[in-house]
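Residue numbers (the working numbering), protein chains in the order written: chain A, 1 to 564; chain B, 1001 to 1564. Presented below is the structure to which this report refers.
There are 2 protein chains.
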Amino acid sequence: MKVVIIGGVAGGATAAARLRRLDESAEIVVLERGGYVSYANCGLPYYLGGVIRDRAKLLLQTPESFRRRFNVDVRVHNEAVAILREQKQVRVRRAEDGGEYLESYDKLIYAPGAKAVRPPFVGQSARVFTLRTVEDTFAVDDFLRERRPRRALVVGGGFIGLETAENLAERGISVTLVQLEDQVMPPFDYDMACILHAKLREKGIDLRLRSRVTSLRDEGEGVCADIEGGAAVSADFALVAVGVAPETELAAAAGLELGLRGAVVVDEHMRTSDPDIYAVGDAVQVKNAVTGQQALVPLAGPANRQGRVAADNVAGIASVYRGAQGSSVMKLFELTAASTGLSVRAARAAGFAADSVLLFSPDHATYYPGAKNMTLKVVYDRTDGRILGAQAVGFGGTEKRMDVLATAVRAGLTADDLAALDLCYAPPYSSAKDPVNMAGYVIGNVLRGLVRQHGWEDVPAISQREDAVLLDVQTPGEFAQAHLRGAVNIPVDELRARLGELDRGKTVYVNCYSGLRSYIACRILAANGFSCSNLAGGIRFYKVVAEGGGYDEAPRHLCGLACE
Amino acid sequence: MKVVIIGGVAGGATAAARLRRLDESAEIVVLERGGYVSYANCGLPYYLGGVIRDRAKLLLQTPESFRRRFNVDVRVHNEAVAILREQKQVRVRRAEDGGEYLESYDKLIYAPGAKAVRPPFVGQSARVFTLRTVEDTFAVDDFLRERRPRRALVVGGGFIGLETAENLAERGISVTLVQLEDQVMPPFDYDMACILHAKLREKGIDLRLRSRVTSLRDEGEGVCADIEGGAAVSADFALVAVGVAPETELAAAAGLELGLRGAVVVDEHMRTSDPDIYAVGDAVQVKNAVTGQQALVPLAGPANRQGRVAADNVAGIASVYRGAQGSSVMKLFELTAASTGLSVRAARAAGFAADSVLLFSPDHATYYPGAKNMTLKVVYDRTDGRILGAQAVGFGGTEKRMDVLATAVRAGLTADDLAALDLCYAPPYSSAKDPVNMAGYVIGNVLRGLVRQHGWEDVPAISQREDAVLLDVQTPGEFAQAHLRGAVNIPVDELRARLGELDRGKTVYVNCYSGLRSYIACRILAANGFSCSNLAGGIRFYKVVAEGGGYDEAPRHLCGLACE
Chain A
1 MKVVIIGGVA
11 GGATAAARLR
21 RLDESAEIVV
31 LERGGYVSYA
41 NCGLPYYLGG
51 VIRDRAKLLL
61 QTPESFRRRF
71 NVDVRVHNEA
81 VAILREQKQV
91 RVRRAEDGGE
101 YLESYDKLIY
111 APGAKAVRPP
121 FVGQSARVFT
131 LRTVEDTFAV
141 DDFLRERRPR
151 RALVVGGGFI
161 GLETAENLAE
171 RGISVTLVQL
181 EDQVMPPFDY
191 DMACILHAKL
201 REKGIDLRLR
211 SRVTSLRDEG
221 EGVCADIEGG
231 AAVSADFALV
241 AVGVAPETEL
251 AAAAGLELGL
261 RGAVVVDEHM
271 RTSDPDIYAV
281 GDAVQVKNAV
291 TGQQALVPLA
301 GPANRQGRVA
311 ADNVAGIASV
321 YRGAQGSSVM
331 KLFELTAAST
341 GLSVRAARAA
351 GFAADSVLLF
361 SPDHATYYPG
371 AKNMTLKVVY
381 DRTDGRILGA
391 QAVGFGGTEK
401 RMDVLATAVR
411 AGLTADDLAA
421 LDLCYAPPYS
431 SAKDPVNMAG
441 YVIGNVLRGL
451 VRQHGWEDVP
461 AISQREDAVL
471 LDVQTPGEFA
481 QAHLRGAVNI
491 PVDELRARLG
501 ELDRGKTVYV
511 NCYSGLRSYI
521 ACRILAANGF
531 SCSNLAGGIR
541 FYKVVAEGGG
551 YDEAPRHLCG
561 LACE
Chain B
1001 MKVVIIGGVA
1011 GGATAAARLR
1021 RLDESAEIVV
1031 LERGGYVSYA
1041 NCGLPYYLGG
1051 VIRDRAKLLL
1061 QTPESFRRRF
1071 NVDVRVHNEA
1081 VAILREQKQV
1091 RVRRAEDGGE
1101 YLESYDKLIY
1111 APGAKAVRPP
1121 FVGQSARVFT
1131 LRTVEDTFAV
1141 DDFLRERRPR
1151 RALVVGGGFI
1161 GLETAENLAE
1171 RGISVTLVQL
1181 EDQVMPPFDY
1191 DMACILHAKL
1201 REKGIDLRLR
1211 SRVTSLRDEG
1221 EGVCADIEGG
1231 AAVSADFALV
1241 AVGVAPETEL
1251 AAAAGLELGL
1261 RGAVVVDEHM
1271 RTSDPDIYAV
1281 GDAVQVKNAV
1291 TGQQALVPLA
1301 GPANRQGRVA
1311 ADNVAGIASV
1321 YRGAQGSSVM
1331 KLFELTAAST
1341 GLSVRAARAA
1351 GFAADSVLLF
1361 SPDHATYYPG
1371 AKNMTLKVVY
1381 DRTDGRILGA
1391 QAVGFGGTEK
1401 RMDVLATAVR
1411 AGLTADDLAA
1421 LDLCYAPPYS
1431 SAKDPVNMAG
1441 YVIGNVLRGL
1451 VRQHGWEDVP
1461 AISQREDAVL
1471 LDVQTPGEFA
1481 QAHLRGAVNI
1491 PVDELRARLG
1501 ELDRGKTVYV
1511 NCYSGLRSYI
1521 ACRILAANGF
1531 SCSNLAGGIR
1541 FYKVVAEGGG
1551 YDEAPRHLCG
1561 LACE
């Protein structure tokens, strides 16, 4: 059997290695347009920041090492330029001399990846970069070393844009980040993204949200971007990271069935509309494991898993790719931001009766040194309590909880299942009630009607209502520091004695700092016949979202094991 | 409704707080023999080491704060001395004056905890301590401050023994640790515990395994322990941590049904044989969530969850406790050691057809700074691939993988499910194929017959066999550093060309450093008609277990994304 693989990075390289392990006698040819195979795509921004200093470290495999270990015919600088399905051949162009040749196959694995989108507003410029390949990265790095720019413009606030902005800032470069939407990190809901906005601004990054670039061009020694309805941005160079698009021209020309944004359509075995051609990685559309709908999930983990599934099937093992749920994590300066499954926005768009809870939980026991808080948002289906997704921003242990929640989402667990999870506890690592357990408890309380909750977005309207009272149950000292306009202050520990101060004819909208004490207050109020609701996330989250407040990392106002 | 709770620490305090939130009008009385409620039990060893410096920090709640917030009548230094079921009363003794009184209840929640076992070999001594309560801890701390001891004897190698040994060593005290069994940390299999043995010895702790203490008594200014068949141990003081036992004398006297080691028998609602009495925490037996068998699981997480379930049921919510799986984690100097579910030993004892795989995986992408290896053992049922448990020892991210595996065990996931998990990946946090994914792949390979594996314990017998050849596929440089006696060296990348050097009539037992390259070698050999087997964990693990080798933390010999 002869297998040709187009593309030698994540999905293609994995497929080649797995296939060799399954079939020692197959002839395996990897065609890679670039000069590198199986490289550390996700490490590229960190190379720019100097976190990864050694160019060789980015190259997980050289063509030679790959060939030696796996007996795979790796041809870098060999670009597949056509798939000839009738003849089962690929036309290949050598970069060296431009010469072309035909390579036959019994099975073809198509793993071309995605290309960085270069939007129409970008003019010709040697100072405007994208960041997709090792070559791209070295080009930016060379520019940084040779030209020593002081000001960078980053267009786009997704993973690559943010990681690059961070790494440039860490290198001492002044960064302006322009984002079309009202938030960075599209997998996050707006409110959770606001925590990242505050961090970016704290780090001196000039963050411009809701900003549409209309032209980006050379000007003098640098570049200039015009912003629709806003001030133009000048910089010494620009990096455009507005997303990627499946690079499927060959598949289109060969008449393979295409789907979303030109992505290749595959079945659960990663087989295309041509039974002899498989496709994997950023170039394909896959099932979203939560919604069941087709989606583009251009991430390294799924690409690797798909490559393995394709190899299995080529070798006669009927493995199935079960879909992606977009689990991801990003370091943003001191913060860790992670998500899995659906945001509230995405869940509602997909037709789920989605709600969410917000927690502000220490990563480990507060009596053990170094505890810091994370903000955790868990999205669930209110019809059955099933966990649909989650987002978290915090410090240590943030991505741990996200991986647990990712596993829960995949396994179809409910809120009560989260509450019952038996997770590892010792003071340096967690609390006896892990934040994931706590999320299950809070959702369970809401679903059982033990508490009603409202969100930061509801506060303005509530403040206007004659039949509503805002009750703040923080301590007087905390209340003096921050409270909602018009709120009355009765500390939770005094509430039982001071119920007479509240008007029973009005609905009481309660808040504390984080939402925990106000929940206790709500239970007291409800037991005494009041109609009441708890502000999810407390005044802390309200201030972050509505007022652009900073992130308060040190645990406080947490009342220990027994309170939750 | 009047509810009396006996015991005010983890389970009892949680029950009180939850019950108040569910029932504002109930009369709730907490009887606590000691002087503290809801304290940080798991933090006590760290107080001794000076990691936690402030006594107040150990006290999550004072009786007063608890009373204020939850309107609970907390009575410290009030000991329940009898449960009078007929009258539905508890007889209580005040420590203050020794006076007794009767307290009636509608529902009783019994959360007395467990007591530190004081074995018969321990004589009367003011220099022999146990560590269970805040009072115990302050007594040891006072001794350390006043007497400035230089040598400590710790009897027992479970959580408390190890954490205390570490903390005393960190305080500059020379520690001898005596353990009856051949390993510390009973939830671990012997081989994984060997990594901890090496660390303890590296840190200067005099570890004596398979050592039975026959007497522990005062001698001169210190203590002396006689060891059966071994040298006696002298020290300035001793800490005995040989486990805990349910402290259920009251329940026994009251005629409640008792089970394992005198633990209270409860149903899934945490109700005892008396429908008006619930019991929670270290004093009860619960279902092991993996085996379904009754077990003692004296851990903080389960106690908290049980307290909540009991409160729910008292308040009319029919919550169910679904059992414990013993997930736990411990810091041991720089190492993190975590486990969940069943060890191979425990799984086989419970009748499972259990096998395991061993991985040596970096916690995050090796090209990003700071990656360190963890040793991960995953236990599965070979009849259906279901994950039964796991153990890991490593650095950052170790307990993360254990929490994911704990969730997988709870959800009944199989090896293929692990392989398909969509976990969070970015270079600072993980690899595109997370160690948990990798474990799923390796188990899948074994179950599909793609590779056979043997363990470190099989090596001596194999070495004696005429029909076996030991093949080491490390590089010559690695081979020179460490190899099995009698092994021949053919680096994996040369194997295809040098197959003629191997005797086809013999079974080839292959090893590399960690088990990854030798798997690739096995696939090459199998495809060429050889009978072969892979040494699980490689020479590295063999040396740790069979030769007491140290722990090699820096990633090496890892071939990157595409190799797995």
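We put the beta carbon where it would ideally sit given N, CA and C, even for glycine. Only a predicted model underlies this, so the values are computations on that prediction, with no experimental measurement involved.
query	result
So B/Y1425 contacts chain A; which residues on that side make the cut at Cβ distance below 8 angstroms?	C42, L299, A300, G301, S327, S328 and V329
Give the list of continuous beta strand (DSSP E) stretches no shorter than 3 residues that lie fully inside the region 1117-1176 of chain B.	1151-1155
Distance cutoff 8 angstroms, beta carbons only. Does A/T383 sit that close to anything in chain B?	no
If contact is defined by three or more beta carbon pairs under 8 angstroms, each pair taking one atom from either stretch, is the region 502-512 of chain A in contact with the region 1012-1019 of chain B?	no
Measure the alpha-carbon distance for B/L1059 versus B/R1093 and round it to whole angstroms.	24 angstroms
Just the chain A side, please: which residues come within less than 8 angstroms of B/A1114 by C-beta, in chain order?	The premise fails here: B/A1114 is roughly 16 angstroms from chain A at the closest Cβ pair, so nothing lies under 8 angstroms.
Can you check which of these residues, A/K331, A/A17 and A/D141, is closest to A/V29 by C-alpha distance?	A/A17
If B/V1280 and B/V1233 are in contact, beta carbons under 8 angstroms, what's the gap, nearest whole angstrom?	No, B/V1280 and B/V1233 are not in contact; Cβ-Cβ is about 38 angstroms, not under 8 angstroms.
For my contact list, B/E1163 and B/P1298 are in at a C-beta cut-off of 8 angstroms; report their separation, rounded to the angstrom.	Not quite, the Cβ-Cβ distance comes to about 15 angstroms (not below 8 angstroms), so this is no contact.
Using a beta-carbon distance below 8 angstroms, is A/P428 in contact with chain B?	yes
Determine which residues of the region 372-405 of chain A have a Cβ less than 7 angstroms from any Cβ of chain B, and write them out in chain order.	E399, K400, M402, D403 and V404
Quick one: is A/D276 buried, meaning 16 or more other Cβ sit within 10 Å of its Cβ, or exposed?	exposed
Select from B/L1153, B/D1416, B/G1323 and B/R1127 the residue whose C-alpha is nearest the C-alpha of A/R308.	B/D1416
What are the boundary residues of the alpha helix (DSSP H) that A/M374 is part of?	Run containing A/M374: none in the alpha helix (DSSP H); it sits in the beta strand (DSSP E), N373 to D381.
Name the residue from B/V1284, B/V1314 and B/S1430 whose alpha carbon lies nearest to the alpha carbon of A/A566.	Outside the displayed span of chain A (1 to 564) sits residue 566 of chain A, for which this structure offers no information.
My output table needs one value for B/R1523: the three-state DSSP class, helix, strand or coil.	helix
Using a 10 Å radius around the Cβ and a threshold of 16 neighbouring Cβ atoms, would you call B/A1295 buried or exposed?	buried
For a contact defined as C-beta to C-beta under 8 angstroms, what are the partners of A/N528 on chain B?	E1024
Taking only runs that begin and end inside the region 1275-1315 of chain B, name each unbroken beta strand (DSSP E) of 3 or more residues, in chain order.	1277-1279 and 1284-1287
Using only the alpha-carbon positions, how far apart do B/R1127 and B/G1008 sit?	28 angstroms
Assuming contact is defined by CB atoms lying nearer than 8 angstroms, are A/G396 and A/K377 in contact in what I supplied?	no
Residues in its own chain within less than 6 angstroms of A/Y542 by CB, not counting five upstream and five downstream?	W456
Flag B/Y1046 as yes if its beta-carbon sits less than 8 angstroms from any beta-carbon of chain A, otherwise no.	yes
Please give the ranges of any beta strand (DSSP E) in the region 1411-1486 of chain B, keeping only runs that are unbroken, at least 3 residues long and fully inside the region.	1468-1472
Got a sec: which bits of the region 246-276 of chain A sit with their beta carbon under 7 angstroms from any beta carbon on chain B, in order along the chain?	none
So, B/V1344 versus B/A1354, is the Cβ gap smaller than 8 angstroms?	yes
Report the option in B/G1172, B/K1057 and B/I1195 whose CA atom is closest to the CA atom of B/P1149.	B/G1172
Can you pull the chain B residues whose beta carbon is under 9 angstroms from the beta carbon of A/K57, in chain order?	T1366, Y1367 and Y1368
Buried or exposed: B/T1383, going by 16 or more other Cβ atoms within 10 Å of its Cβ?	exposed
Looking at the unbroken alpha helix (DSSP H) that takes in B/D1191, where does it start and where does it end?	Y1190 to E1202
Taking 7 angstroms as the cut-off, is the C-beta of B/D1493 nearer than that to any heavy atom in the ligand COA?	Absence of the ligand COA is noted for the structure shown, with no ligands found whatsoever.
Can you confirm whether A/F363, when its beta carbon is compared against all beta carbons of chain B, has any partner nearer than 8 angstroms?	One detail in the question is off: residue 363 of chain A reads as Asp in this sequence, not Phe. So, not an interface residue.
By the three-class DSSP mapping on this structure, what secondary structure does B/V1544 have?	helix
DSSP puts B/S1339 in a beta bridge; with which residues?	B/S1328 and B/Q1391
CB-CB under 8 angstroms to B/E1564, same chain, minus the five flanking residues each way: which ones, in chain order?	Reliability of the predicted coordinates at B/E1564 is poor, the pLDDT of 34 falling under 50, and the value obtained from them is presented with this limitation in mind. Closer than 8 angstroms at the Cβ level, and outside the excluded window around B/E1564, lie K1433, M1438, Y1441 and L1516.
List the residues of chain A that B/T1340 touches, going by C-beta distances under 8 angstroms, in chain order.	D422 and C424
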